[in-house]
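**Q**
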Amino acid sequence: MNRPGRKGKKRISLVVGLLLAALLLLALTLVLFKVFQPAPSTIKVDFPGAATGRAADFRRPAQVADNLEARLKLLLQKEKSYLLASRYRLAGPFGRPPAERSDIYHARDQLLYGQYLMEQKLNREFNRWWREFSSVFLQPQGIVAIHPQQTPEQALADDDFWPVNLQSARLLAQSCSVWPNKAGQESLGRLSDQLLELGSRGFSADYDAAVPTLPPILDPGATPTPKPTATPAVTEPLPVQRILRLSTLDLFTMQQLVQVDQRWQKLYDQYLPIVKNGYINDSLPLYAFGYIDHKEGYLTYSGSMPFINTEEALTTLLHLCEVGQENDRSISWLRDQMFNHRAIYEFYHIALGSAGSNVESVPAYAIVARIARIKGDADLYEAAVNRLLWHQATSQTSAALSAVFRQDSEGLIHVLAADNVMALLALR
Numbered sequence: 077m078n079r080p081g082r083k084g085k086k087r088i089s090l091v092v093g094l095l096l097a098a099l100l101l102l103a104l105t106l107v108l109f110k111v112f113q114p115a116p117s118t119i120k121v122d123f124p125g126a127a128t129g130r131a132a133d134f135r136r137p138a139q140v141a142d143n144l145e146a147r148l149k150l151l152l153q154k155e156k157s158y159l160l161a162s163r164y165r166l167a168g169p170f171g172r173p174p175a176e177r178s179d180i181y182h183a184r185d186q187l188l189y190g191q192y193l194m195e196q197k198l199n200r201e202f203n204r205w206w207r208e209f210s211s212v213f214l215q216p217q218g219i220v221a222i223h224p225q226q227t228p229e230q231a232l233a234d235d236d237f238w239p240v241n242l243q244s245a246r247l248l249a250q251s252c253s254v255w256p257n258k259a260g261q262e263s264l265g266r267l268s269d270q271l272l273e274l275g276s277r278g279f280s281a282d283y284d285a286a287v288p289t290l291p292p293i294l295d296p297g298a299t300p301t302p303k304p305t306a307t308p309a310v311t312e313p314l315p316v317q318r319i320l321r322l323s324t325l326d327l328f329t330m331q332q333l334v335q336v337d338q339r340w341q342k343l344y345d346q347y348l349p350i351v352k353n354g355y356i357n358d359s360l361p362l363y364a365f366g367y368i369d370h371k372e373g374y375l376t377y378s379g380s381m382p383f384i385n386t387e388e389a390l391t392t393l394l395h396l397c398e399v400g401q402e403n404d405r406s407i408s409w410l411r412d413q414m415f416n417h418r419a420i421y422e423f424y425h426i427a428l429g430s431a432g433s434n435v436e437s438v439p440a441y442a443i444v445a446r447i448a449r450i451k452g453d454a455d456l457y458e459a460a461v462n463r464l465l466w467h468q469a470t471s472q473t474s475a476a477l478s479a480v481f482r483q484d485s486e487g488l489i490h491v492l493a494a495d496n497v498m499a500l501l502a503l504r
């Protein structure tokens with residue numbers, strides 16, 4: 077019987093060693109894959125208002141949005157940053173005042189931009205944006221500050237705390253649905269827990285509104301008749317009431333976060349009827365400004381003049397459309413404004429339904445475009461986007477070329493982050 081020689085034994089040992097090394101490498105690979113693989117998504121969240129499904133063709137040619145986005149970045153972003161300054165003011169006549177980029181940054185503007193990156197499925201850009209956003213606005217306990225360097229106490233006291241944090245929760249939920257990952261789901265869980273704890277007794281009133289009061293009714297038969305005074309009487313300031321703005325109540329986010337925590341169902345069931353019952357009237361089929369919880373009543377408008385804020389009212393309508401609970405009269409009103417009046421203005425009289433301003437509401441057109449996508453209304457979408465682009469700078473010599481702009485009472489041109497990101501969300 078032949079026995080293997082020394083060389084044969086070495087060859088066998090080498091083969092066995094290689095096999096053991098391969099098995100060890102395979103085991104290590106399986107362990108690493110198990111540890112670092114993306115966590116399977118536990119939620120599925122849609123994108124109401126995006127150009128998807130039956131509204132996939134509700135968009136403008138790519139070049140239109142490309143040009144607008146390029147100008148947005150040029151004017152409002154610093155180099156190598158994804159964050160957007162709130163506005164850019166173009167230089168006035170003869171360079172006075174000089175052009176100026178605001179040093180104010182709002183979380184809401186950044187979240188709109190993050191939504192845009194996500195809806196366009198720009199994964200790498202979204203991740204870079206999220207890292208920068210988190211480092212500036214995300215607080216350790218999981219909530220989002222409204223402005224950079226706010227303390228948790230300042231953030232909670234801010235008028236925009238609930239809108240911004242619900243917007244953040246929506247974005248996180250949608251991003252986890254598109255790109256499942258463990259870190260995103262953990263961030264969503266922390267934010268959800270914080271908001272549920274804060275909202276355990278319902279959302280707190282979030283806005284100090286000036287409550288209109290009826291003037292005293294004079295009796296013409298009373299004697300003696302008061303004589304007019306030489307100086308006008310001092311007008312007393314209107315009383316202030318803490319209210320919950322209806323536009324704060326992001327019903328779609330509450331509805332979808334039930335997938336994360338069942339406690340959101342109670343909040344959705346509580347606030348859906350409150351929003352729906354805020355319907356004003358058939359003359360102006362939109363929604364009240366706010367809800368007064370302890371009185372179980374509504375404040376239709378804030379201030380001394382009976383005009384609704386159109387952007388606020390349309391945001392509320394958009395939230396209802398996103399959960400399929402809109403009033404058909406509201407949609408008919410939008411169509412009437414766009415097809416017959418050709419514009420939507422910043423304010424409307426609550427009783428007459430007529431415009432209370434000759435200034436158009438630029439964000440309204442982007443909101444209407446999103447509503448049109450939800451409703452599958454191509455004509456309404458085209459009308460809204462056409463009017464939105466009417467506010468786009470077209471002069472080849474303008475520093476705002478291709479951006480949506482506003483002009484103030486002094487004739488100065490302003491490019492706002494919110495206007496332009498909302499325009500991108502409507503165009504693409």
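Counting in this note's numbering, the sequence shown runs from 77 upward without gaps. Each residue gets a CB set at the ideal place from its N, CA and C atoms; glycine is no exception. It should be emphasised that the depicted structure is a prediction, and the values quoted were computed from it without experimental measurement.
1. Would you say L187 and L247 are within 8 Å of each other, going by their C-beta atoms?
2. Grouping DSSP H, G and I as helix and E and B as strand, with all else coil, what is H417?
3. What would DSSP say about I350, mapped onto helix, strand or coil?
4. I'd like the span of the beta strand (DSSP E) that includes D284, first residue to last.
5. Determine, using beta-carbon pairs with one atom in the region 400-420 and one in the region 365-379, whether at least three such pairs fall under 8 Å.
6. Alpha carbons only, please: which of S408, L148 and N434 is nearest the one belonging to D453?
7. Relative to the C-alpha of H523, which candidate in A499, I222 and A475 has its C-alpha closest?
8. Starting from I489, trace the beta strand (DSSP E) both ways and give me its first and last residue.
9. What residue range does the alpha helix (DSSP H) around G275 cover?
10. H395 lies in the alpha helix (DSSP H); which residues open and close that run?
11. Who are the near neighbours of G380 in its chain, counting only those whose CB is closer than 8 Å to its CB and skipping five residues on each side?
12. Put G366 into one of helix, strand or coil per three-state DSSP.
13. Do the region 115-134 and the region 145-152 make contact, defined as three or more Cβ pairs closer than 8 Å?
14. In whole angstroms, what separates the C-alpha of K120 from that of Y367?
15. Check L327 in the structure and name its three-state DSSP category.
16. Leaving out five residues before and five after S253 in sequence, what residues of the same chain have Cβ atoms less than 7 Å from its Cβ?
17. With distances taken between CB atoms, is the gap from L322 to A364 smaller than 8 Å?
18. Pull up the distance between the alpha-carbon of R405 and that of Q191, whole angstroms please.
19. Assuming M194 contacts Q261 under a Cβ cut-off of 8 Å, what Cβ separation, rounded to an integer in Å, is found between them?
20. Helix, strand or coil for G373, going by three-state DSSP, please let me know.
21. Helix, strand or coil: how does DSSP classify L232 here?
22. CB-CB under 6 Å to A469, same chain, minus the five flanking residues each way: which ones, in chain order?
23. Taking the alpha-carbon positions, what's the Q341 to L264 distance?
24. What are the boundary residues of the beta strand (DSSP E) that Q317 is part of?
25. My output table needs one value for P114: the three-state DSSP class, helix, strand or coil.
26. With 16 as the cutoff for other CB atoms within 10 Å, does I319 come out buried or exposed?
27. Label E422 either buried or exposed according to how many other C-beta atoms from any shown protein chain fall within 10 Å of its C-beta, with 16 as the threshold for buried.
28. Our contact map puts I222 next to P228 with C-beta atoms below 8 Å; I'd like the distance itself, whole angstroms only.
29. Could you give the C-beta distance for L343 and Q401, rounded to a whole number, given that I count them as a contact under 8 Å?
30. Shortest alpha-carbon distance to G171 belongs to which of L488, A442 and L151?
31. Where do the ends of the beta strand (DSSP E) carrying Y355 lie?
32. Check Q472 in the structure and name its three-state DSSP category.
33. Hey, P224 and V240: beta-carbon distance below 8 Å or not?
34. How close, in whole Å, do the beta carbons of R463 and A131 come, if the pair is a contact with beta carbons under 8 Å?
35. Let me know the secondary structure DSSP gives Y189 once reduced to three states.
36. What are the start and end residues of the beta strand (DSSP E) that includes Y164?
**A** Quick answer:
1. Residue 187 sits at position 111 when you count from the first residue of the sequence shown. Residue 247 sits at position 171 when you count from the first residue of the sequence shown. Going by C-beta atoms, L187 is nearer than 8 Å to L247.
2. As a position in the sequence shown, residue 417 is number 341, starting the count at 1. DSSP places H417 in helix when its eight states are reduced to three.
3. Numbered from 1 along the sequence shown, position 274 holds the residue referred to as residue 350. In the structure shown, I350 sits in a helix (DSSP, three-state: H, G or I).
4. Walking along the sequence shown from the start, residue 284 turns up at place 208. Start and end: Y283 to A286.
5. no
6. The count along the sequence shown starts at 1 and reaches residue 453 at position 377. For the residues S408, L148 and N434, the minimum Cα distance to D453 belongs to S408.
7. With the chain covering 77 to 504 only, the question about residue 523 has no answer from this structure.
8. Taking the first residue of the sequence shown as 1, we reach residue 489 at position 413. Where I489 is concerned, the enclosing beta strand (DSSP E) stretches over I489 to L492.
9. If you number the sequence shown from 1, residue 275 lands on position 199. Here G275 belongs to no alpha helix (DSSP H), and DSSP marks it neither H nor E.
10. By 1-based counting over the sequence shown, the position of residue 395 is 319. Note, H395: alpha helix (DSSP H), T386 to E398.
11. Locating residue 380 in the sequence shown gives position 304, counting from the first residue. In the sequence as displayed, the identity of residue 380 is Ser instead of Gly. The answer, listed in chain order, is A286, P288 and L314.
12. Position 290 of the sequence shown holds residue 366. If DSSP states are grouped into helix, strand and coil, G366 belongs with the strands.
13. no
14. To locate residue 120, count along the sequence shown from 1; it is residue 44. To locate residue 367, count along the sequence shown from 1; it is residue 291. Spanning the two alpha carbons is a distance of roughly 31 Å.
15. Taking the sequence shown and counting its residues from 1, one reaches residue 327 at position 251. It is helical.
16. Residue mapping note: residue 253 aligns to position 177 of the sequence shown, counting from 1. So the list reads S117, I119, K120 and V121, once near-sequence residues are dropped.
17. As a first step, residue 322 is located in the sequence shown; it is residue number 246 there, counting from the start. As a first step, residue 364 is located in the sequence shown; it is residue number 288 there, counting from the start. Their beta carbons are under 8 Å apart, which means L322 touches A364 by this criterion.
18. Looking up residue 405 in the sequence shown gives position 329. Looking up residue 191 in the sequence shown gives position 115. Going by the C-alpha atoms only, they are around 29 Å apart.
19. For the purposes of this step, residue 194 is identified with residue 118 of the sequence shown, where counting begins at 1. For the purposes of this step, residue 261 is identified with residue 185 of the sequence shown, where counting begins at 1. That pair is no contact at about 15 Å.
20. Locating residue 373 in the sequence shown gives position 297, where the first residue counts as 1. G373: strand per DSSP, three-state reduction.
21. Residue numbering aside, residue 232 sits at position 156 when the sequence shown is read from its first letter. Looking at L232 - three-state DSSP - the assignment turns out to be helix.
22. Position 393 of the sequence shown, counting from 1, holds the residue named residue 469. The residues are A476, L477, A479 and F481.
23. Locating residue 341 in the sequence shown gives position 265, counting from the first residue. Locating residue 264 in the sequence shown gives position 188, counting from the first residue. Approximately 17 Å between the Cα atoms of the pair.
24. Looking up residue 317 in the sequence shown gives position 241. Where Q317 is concerned, the enclosing beta strand (DSSP E) stretches over V316 to R321.
25. Translated into the one-based positions of the sequence shown, residue 114 becomes position 38. Low confidence applies here, because P114 scores a pLDDT of 47, under 50, leaving its location unreliable; read the following figure in that light. Reduced to three states, the DSSP call for P114 is coil.
26. Translated into the one-based positions of the sequence shown, residue 319 becomes position 243. Classification of I319: buried, given that the 10 Å Cβ count is 16 or more.
27. The count along the sequence shown starts at 1 and reaches residue 422 at position 346. E422 comes out buried.
28. If you number the sequence shown from 1, residue 222 lands on position 146. If you number the sequence shown from 1, residue 228 lands on position 152. The pair is not a contact, with the Cβ atoms about 11 Å apart (cut-off 8 Å).
29. Here the question's residue 343 lines up with position 267 in the sequence shown. Here the question's residue 401 lines up with position 325 in the sequence shown. Actually they do not touch by this definition, with Cβ atoms about 15 Å apart.
30. Here residue 171 is taken as the residue at index 95 of the sequence shown, counted from 1. For the residues L488, A442 and L151, the minimum Cα distance to G171 belongs to L488.
31. As a position in the sequence shown, residue 355 is number 279, starting the count at 1. Where Y355 is concerned, there is no enclosing beta strand (DSSP E), given that its DSSP letter is neither H nor E.
32. For this step, residue 472 is matched to residue 396 along the sequence shown. Note: Q472 maps to coil in three-state DSSP.
33. Numbered from 1 along the sequence shown, position 148 holds the residue referred to as residue 224. Numbered from 1 along the sequence shown, position 164 holds the residue referred to as residue 240. No, Cβ-Cβ distance for P224 and V240 is not below 8 Å.
34. Position 387 of the sequence shown holds residue 463. Position 55 of the sequence shown holds residue 131. Their Cβ separation, rounded to whole angstroms, is 18 Å, which puts R463 and A131 out of contact at 8 Å.
35. Here the question's residue 189 lines up with position 113 in the sequence shown. Helix, per DSSP.
36. Residue numbering aside, residue 164 sits at position 88 when the sequence shown is read from its first letter. From DSSP, the beta strand (DSSP E) with Y164 extends over R163 to R165.
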